[in-house]
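Visitor: Please find one structure pasted underneath; my questions will follow.
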Amino acid sequence: MSRLEAKKPSLCKKEPLTSERVRATLCVLKGIVTSCYGPSGRLKQLHNGLGGYVCTTSQSSALLSKLSVTHPILKILTTSVQNHVTCFSDCGLFTTILCCNLIEHVQRTGLTPTTIIKLNKHLLSLCTSYLKSEACGCRIPVDFSRTQILLCLVRSILTSKPACMLSGKEIDHIGALILRAFLLTIPENAEDHIILGKSIIVPLKGQRVIESTVLPGILIEISEVQLIRLLPAKKPGPLKVALFRTSLSGDLSDTGEGTVVVSDGVSLENAVLDLLINLGKQLVSDHVDLVLCQKVIHPSLKRFFSTHRVIAIDRIGVTLMEPLSKATGTQPIGALGAISPSSYGSVEDLCSAKFGSKHFFHLVPNESTICSLLLGNRNDTAWDELKLTCQTAVHVLQLTIKEPWVLLGGGCTETHLAAYIRYKIHNEPESILKDGGCTQTELQLIAEAFCSTLESLAGSLEHDGGEILTDMKYGHFWSVQADSPSPVNWPGLLSRCGCGIYNSQEELSWCFLRSTHHPFALETCLPHEAVGSANNLTLDCFTAKLGGLQAAVETANLILDLSYVIEDKN
Amino acid sequence: MACRVINKRRHAGLQQLSSFAETGRTFLGPVKLSKFIIDEESHESILISSTVRLLESLDLTSAVGQLLHETVQAQHNTYRTGTSTLLFLVGAWSSAVEECLHLGVPIPVIASVMSEGLSSCSEEVVSLQVPVSNIFDDMDNTKTFSELEPFSVGLCPFLQGPSNTHWIQEDCDLRDVRSQPRTVFSLSASAVKSPKFFKPQVKVEADQNTSQTLKTSVLADTCHRRSVLIHSRHFNRRGNNQINKPDGVLEHHGAATPKTSGCNSLLELAVGLSHGDHSSMNLVEAAARLQWQSARVQPGSRTVPFTFDISRIYTCCLPGLPETFSCVCPGYITLISMSSSTLVRELQNQPVRVVLIEGDLTENYRHLGFNKSTNVRTVLDSVKLQEDTSEELWANHVLQVLSQFDVNLVLVQGNVSEYLVEKCRQSKRLVIGSVTDSAMQAFAEAAGAVQVAYMTQVNEGCVGRGVFVTFWRSSSLDIVDGNNRMAILLKAEGIRLVTAVLTSPVTAQMQTKEDRFWTCAYRLFHALKEKRVFLGGGAVEFFCLSHLHVLAEQSPKKGNHACSGWLHNTSSWLASSLAIYRPTVLKFLANGWHKYLSALMCNTAISSSEFEASTCIQTHLQNAMDSGSPSSYILNEYSKLNSGIVNSGISGKPEKIPRVYDIVTPKIEAWRRALDLVLLVLQTDSEVITGLGHTQKSPQELEGYLFL
């Protein structure tokens, strides 16, 4: 007997953003991400409440992937930030905070969503065209013949992740390693098309950070006993390599559904083993010196190889397969049949390496863009954070090759951009107004909301009750103690701006960032000597930040545009 | 998903850390008080006396507890030592950090300054390092030492003073310092110099103690008031722990150099690193000696420097036997069933041939990664009478292989089929299962065998020769454990494997004994690997304490950005306010070490109260500060302690106190990990509970949570 149940009607909510609950949860999310932002950001302990692994982090990628949000609006937000992070690795927190702040600020204006969205788009394009223009005053070209700017960029990323628990020395060490790893992935003979290689992160958990290192080639972890057994068989010079994707363990490959019936006395296992030994004979007659297998090699076959002085390493794992195939020039072999000679590759040398208590086979390829970054950190949670950070840093360097600029960090880009827009809207509102559809007042209101969004984003860098100032010449970010004396003493109290490019010795005048101030014209040309000599600038990835800005404004527009949430309750 | 703010007013995480750490306080120092941990539900209890075991048995489900556990495990897995230091400092520094928070110091400033302070200490403490050099060059000379010193394994050599002296030994069972902390020795009249942190009043007594007549009263006084520690790593008391050493063995000691002279005898190093646990360290030292001896007879060993290979040491625990049975022997000692004793007797005194099997030795075992097909069915062509089961067939086949190659011993890494063991026993073949990796490797090297996965793979080239099977002790019958098993010894010429047999009459202490053996072994291992040690006895900690006080009084060096994290490099207002808070924060960091030292002094009963310990440390701190250079102050104190060739007055031979040493990197890393954990928790402001964990909590518990 079948039973029918009436379908529940869908639940439809109008204007979700006006709901108190949505505002509250958005506020909680904003609180979480804002408190993580910047080098003095606070960390979060993520765990399931039942014991087990605890993740201590302040990175958006770790944070957002573990947060389980329920409301559709929050889902839109987190998904779009996660998309951004997959594409650019960096600036996830920036995007989230900007989006939350923007929604909050423009809602206060009380204008209709259509107007808001339209003006937001105008302001966004104003920002992007300024950042991309030659006249941009918060952008530095990257000189790839010198390491200074690149090192500053990497160091800024490392310092902005306090959960890595690195000391100053360790930051320098890891920064240099990341840069070396990145350089090793660039092919030597670059034609029009550069295909970047890969840096594989090898865990050295428990070891000291200072013991981290980078090596060209690939490391395969192996037990000490195996190493002692295999290494004497090694021949000098370049080695011919065969790489197997299929298992050589001697089990029957997928027999499909149904039953296989064999008569007594026939041993399938022996039959497969015979096949394996034949394969081994072919490899030996083809003068292969090194057999690598993703899965398991049958002990008898291993023994066969070792009697013929062929080094066989099994259980390499799927993650190393692609780099191995690239570095050695092999075609991974997927069947036990005859092997075409074109599948073989070669390596320059094979040696053993020991780091901490771990033993490795080190494959030194002839010419390749694969390198291994061995990372150590004191505990698991700090190691995981460091690994993510290193991946971000390498990715950011790769993005920088495509668009060879960096943005000034430490809040300076945001305050500078806010000052630029404020001035632009105040002096030349026509460029936007000519489209029609909004009044000058509306434009002023939204521009003010947009600028204060950027400024409050910069202000999120402060977590310890300090005050934020901005100068009236460059529009940069300056930080000062909360109960500081009168503005007269500011030049003495302040040392450098957030990114570190200007110092307070210059004839500057400051005002509180949060106070209302008159729009002022920006000095947009950067001092060349400052750019050249400054060693510790705080810098941000150009591509990632620009992408983050766009993603944030577009996501905010999307959320503002929502008028109904329809939930299927069945 | 729920989220909770954890540092409103008081930082909950730091409070949790310090309360967790408090549980491990008594594990600090050479006198470790054991604890019983009782499970309220199952009423099971275990006896533990180390930090690692403590944390393993505690229910640390909170996030901070997990992090603490993880940190301790990481230290343990990497170095096998330093966990008690780590745990104590976590507690001391989390309360120090809390006090900083009360004073309103911004969190990034605390993190930055503390990190800088510790880095500076780790760099400067190098001045207290002692090189360990050429330890094994001297071995030929010191080999005679077993004749010179009554140095038998299993007995504590340090207690064997000359029998004709006035030294009184009231209790010589030092190995049980933990359980019987009343081991008392008299103060010798000649030994009157006060060591560092010597109780002030004892100092006075000692000064007066020049006349022989006074001796007895002082003696009585000190003896009965509190326990006295021999060879405490932390507090070395002259007079009660002297080794009588014939001249020549450790001459460099005699030279009254205040600078750290190197440590170049294995014995001296082992004694210095024993930290009060002589019985374990004796075994370790003997094991190292055995390894060195077997390495020396290998061809070409003269050119390769000897390394102490800890992976080639194996421990065999025999609960129920008296402690005197503990020993080290070259070869592999394991337990086999009593029913094989006749077989062993027959195999004795003749070299046997051996086969090494990786994995299990059972009919159904297949190598790892082999997936059995489930859908294969065998059909019989003709109706045959199945006489044997398949296991019988298989066992017969195995026996056939064994007899073909004349093999009498099979060592298996995994499990062995009982049926096969029985079959083999009948045909005079011994099969031993659960053999460790390193033992297999050692036999492969020494007997020339090759490990195989299946018996069918065995050929002449795989079979090893020249293995000897004997009973561990000749009177085998009394070496039987509770499971009716007996210990046998497998040996081969030149085998690079040493077994340490650990025995304890109390079964509950077995785990502890094994742990302590490994702690000592790793301590010696690290010292030999790093070729340097620290001066022990609290010297490094005292140095850090005084160094931080010196640092707090200096203005921060310009350009000293290297060790201070990001803060110096930024333009944040925090960087400029650093100078104001720096001395305070450094002093709080130093307080951690102050607490550490005073806890040590209380634990080891050098001081009767924390107040007394604290006063004593304060006095020394003042002296060190006044002297201008803490490191030379410490070295001076040490040389006062160590330099004099003191005449024992009876034998006319020079007496000396062996120095106490500490290992370098594991110690510094333990500090660093402790501080890192505290700073990690300090910088954490909220706890995010993912998944549905919070739905199981009661409404009261959920108070203070925010939801997404």
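These protein sequence lines map, in sequence, to chains A and B.
Using our numbering, you'd call the opening residue of the first sequence number -9 and step up by one each time.
Using our numbering, you'd call the opening residue of the second sequence number 374 and step up by one each time.
No residue lacks a Cβ here, since even glycine has one placed at the ideal position from N, Cα and C.
It should be emphasised that the depicted structure is a prediction, and the values quoted were computed from it without experimental measurement.
1. Between the alpha carbons of B:Val913 and A:Asn369, how many angstroms are there, rounded?
2. To the nearest angstrom, how far is the alpha carbon of B:Ala661 from that of A:Thr249?
3. Go ahead and label A:Cys341 buried or exposed: buried means 16 or more other beta carbons lie within 10 angstroms of its beta carbon, across all protein chains shown.
4. Using a Cβ-Cβ cut-off of 6 Å (strictly less than) and excluding sequence neighbours within five positions of B:Gln446, which residues of its own chain qualify?
5. Check whether the Cβ of B:Gly1064 lies closer than 7 Å to any Cβ atom in chain A.
6. Given 8 Å as the limit, is there contact between the region 404 to 416 of chain A and the region 496 to 512 of chain A, that is, 3 or more CB pairs closer than that?
7. For B:Thr517, which residues from the same chain have a beta carbon less than 6 Å from its beta carbon, with the 5 sequence-adjacent residues on both sides left out?
8. What's the C-alpha gap between A:Cys402 and A:Phe467?
9. Taking A:Ile267 and A:Pro313 to be in contact with their CB atoms under 8 Å, please state how far apart those CB atoms are, rounded to whole angstroms.
10. I believe A:Pro206 touches A:Gly31 by the beta-carbon criterion, under 8 Å. Please report the beta-carbon distance rounded to the nearest angstrom.
11. On the three-state DSSP scale, how would you describe B:Ile508?
12. Since B:Leu1050 is in the alpha helix (DSSP H), which residue starts that stretch and which ends it?
13. With a threshold of 16 other CB atoms inside 10 Å of the CB of B:Thr680, please say whether the residue is buried or exposed.
14. How many Å lie between A:Leu258 and A:Leu242 at the Cα?
15. Under 7 Å Cβ-Cβ, which residues of chain B neighbour A:Thr584?
16. So B:Leu803 and B:Ser713 are supposed to be a Cβ contact under 8 Å. How far apart are they, rounded?
17. Between the alpha carbons of B:Asp999 and B:Ser495, how many angstroms are there, rounded?
18. Taking CB distances under 7 Å as the criterion, tell me whether A:Gln495 reaches chain B.
19. Return the chain-ordered list of same chain residues with a C-beta closer than 8 Å to the C-beta of B:Tyr969, the five sequence neighbours on each side being excluded.
20. Buried or exposed, going by whether 16 or more other CB atoms sit within 10 Å of the CB of A:His277?
21. Along the beta strand (DSSP E) that carries A:Pro193, what are the first and last residues, could you check?
22. Flag B:Gly867 as yes when its Cβ comes closer than 6 Å to any non-hydrogen atom of the ligand SAH, and as no otherwise.
23. Among residues of its own chain, excluding the 5 on either side of A:Leu221, which ones have a beta-carbon nearer than 7 Å to its beta-carbon?
24. Based on Cα-Cα distance, which residue from B:Ser807, B:Ser492 and B:Tyr895 lies nearest to B:Ile368?
25. What do you get for B:Asp779, buried or exposed, if any count of 16 or more other CB atoms within 10 angstroms of its CB means buried?
26. Using a Cβ-Cβ distance cut-off of 7 Å, determine whether A:Thr86 contacts chain B.
27. Report the three-state DSSP secondary structure of A:Asp241 (helix, strand or coil).
28. Run down chain A in chain order and give the residues with a C-beta less than 8 Å from the C-beta of B:Gly867.
29. Can you grab the Cα-Cα spacing for the pair A:Pro177 / A:Ile184, in whole Å?
30. Quick one: list the residues of chain C neighbouring B:Ala447, beta-carbon separation under 8 Å, in chain order.
31. Write down every uninterrupted run of the alpha helix (DSSP H) in the region 431 to 512 of chain A whose length is 4 residues or greater and which is fully enclosed by it, in chain order.
32. Per DSSP, A:Gln35 is paired with what?
33. With a threshold of 7 Å between beta-carbons, can A:Thr46 be considered close to chain B, or not?
34. For A:Glu10, I'd like the list of residues in its chain whose CB is within less than 8 Å of its CB, leaving aside the five on either flank, ordered along the chain.
35. So, at 7 Å on beta carbons, what are the nonlocal neighbours of A:Leu40 in its own chain, with the 5 sequence-adjacent residues on each side left out?
36. Please classify A:Phe562 as buried or exposed, where buried requires at least 16 neighbouring CB atoms within 10 angstroms.
Guide: Checking against the coordinates, here is how it stands:
1. Mapped onto the second sequence, residue 913 of chain B falls at position 540. Mapped onto the first sequence, residue 369 of chain A falls at position 379. Each residue's alpha carbon lies about 24 Å from the other.
2. Start at 1 with the first residue of the second sequence, and residue 661 of chain B comes out as number 288. Start at 1 with the first residue of the first sequence, and residue 249 of chain A comes out as number 259. Rounded to the nearest angstrom, the two C-alpha atoms are 59 Å apart.
3. The residue given as residue 341 of chain A occupies position 351 in the first sequence. When all chains shown are included, A:Cys341 counts as exposed.
4. As a first step, residue 446 of chain B must be located in the second sequence, where it is residue number 73. Result list for B:Gln446: empty, nothing under 6 Å.
5. Working through the second sequence from its first residue, we reach residue 1064 of chain B at position 691. Interface residue, yes.
6. yes
7. For the purposes of this step, residue 517 of chain B is identified with residue 144 of the second sequence, where counting begins at 1. Confidence is the limiting factor: at B:Thr517 the pLDDT is only 31, short of 50, which leaves the residue's position unreliable and the question unanswerable from this model.
8. By 1-based counting over the first sequence, the position of residue 402 of chain A is 412. By 1-based counting over the first sequence, the position of residue 467 of chain A is 477. Approximately 5 Å between the Cα atoms of the pair.
9. One-based indexing of the first sequence puts residue 267 of chain A at position 277. One-based indexing of the first sequence puts residue 313 of chain A at position 323. Rounded, the Cβ-Cβ distance is 30 Å, inconsistent with contact.
10. As a working mapping, residue 206 of chain A is identified with position 216 in the first sequence. As a working mapping, residue 31 of chain A is identified with position 41 in the first sequence. Contact doesn't hold; Cβ gap of about 35 Å is too wide.
11. As a first step, residue 508 of chain B must be located in the second sequence, where it is residue number 135. B:Ile508 falls in the coil class under three-state DSSP.
12. The residue given as residue 1050 of chain B occupies position 677 in the second sequence. Start and end: Thr1038 to Leu1055.
13. For the purposes of this step, residue 680 of chain B is taken as residue 307 along the second sequence, with counting starting at 1. Classification of B:Thr680: exposed, given that the 10 Å Cβ count is below 16.
14. Within the first sequence, numbered from 1, the residue matching residue 258 of chain A stands at position 268. Within the first sequence, numbered from 1, the residue matching residue 242 of chain A stands at position 252. Answer to the nearest angstrom: the Cα atoms are 8 Å apart.
15. This structure gives no information on residue 584 of chain A, because the portion of chain A shown stretches from -9 to 560.
16. Locating residue 803 of chain B in the second sequence gives position 430, counting from the first residue. Locating residue 713 of chain B in the second sequence gives position 340, counting from the first residue. Confirmed, about 6 Å.
17. Walking along the second sequence from the start, residue 999 of chain B turns up at place 626. Walking along the second sequence from the start, residue 495 of chain B turns up at place 122. Answer to the nearest angstrom: the Cα atoms are 22 Å apart.
18. As a first step, residue 495 of chain A must be located in the first sequence, where it is residue number 505. A:Gln495 does not count as touching chain B.
19. Reading the second sequence from its first residue, position 596 is the one you call residue 969 of chain B. The answer, listed in chain order, is Leu401, Thr458, Phe461, Leu462, Ala465 and Glu914.
20. Working through the first sequence from its first residue, we reach residue 277 of chain A at position 287. Exposed: under 16 other Cβ atoms inside 10 Å.
21. Within the first sequence, residue 193 of chain A is the residue found at index 203, counting from 1. Its beta strand (DSSP E) spans residues Lys188 to Pro193.
22. Absence of the ligand SAH is noted for the structure shown, with no ligands found whatsoever.
23. Within the first sequence, residue 221 of chain A is the residue found at index 231, counting from 1. Excluding positions up to five away in sequence, the list reads Ser342.
24. The requested residue 368 of chain B does not occur in the structure, where chain B is confined to residues 374 to 1081.
25. Your numbering for residue 779 of chain B matches position 406 in the second sequence. Its Cβ having fewer than 16 others within 10 Å, B:Asp779 is exposed.
26. Within the first sequence, residue 86 of chain A is the residue found at index 96, counting from 1. By this cut-off, A:Thr86 is not an interface position.
27. One-based indexing of the first sequence puts residue 241 of chain A at position 251. The answer is coil: DSSP assigns A:Asp241 none of H, G, I, E or B.
28. Against the second sequence, residue 867 of chain B aligns to sequence position 494. Near B:Gly867 there are no residues of chain A at all, since even the closest Cβ is about 16 Å away, more than 8 Å.
29. Residue numbering aside, residue 177 of chain A sits at position 187 when the first sequence is read from its first letter. Residue numbering aside, residue 184 of chain A sits at position 194 when the first sequence is read from its first letter. Answer to the nearest angstrom: the Cα atoms are 7 Å apart.
30. You won't find chain C in this structure, because its protein chains are A and B.
31. 480 to 483
32. Residue numbering aside, residue 35 of chain A sits at position 45 when the first sequence is read from its first letter. DSSP lists A:Thr46 and B:Glu1060 as partners of A:Gln35.
33. Position 56 of the first sequence, counting from 1, holds the residue named residue 46 of chain A. Answer yes: the Cβ-Cβ gap between A:Thr46 and chain B drops below 7 Å somewhere.
34. Stepping through the first sequence from its first residue, residue 10 of chain A is reached at position 20. None.
35. Mapped onto the first sequence, residue 40 of chain A falls at position 50. Same-chain partners within the cutoff: there are none.
36. Nothing about residue 562 of chain A can be reported from this structure: the residues present for chain A run from -9 to 560 only.
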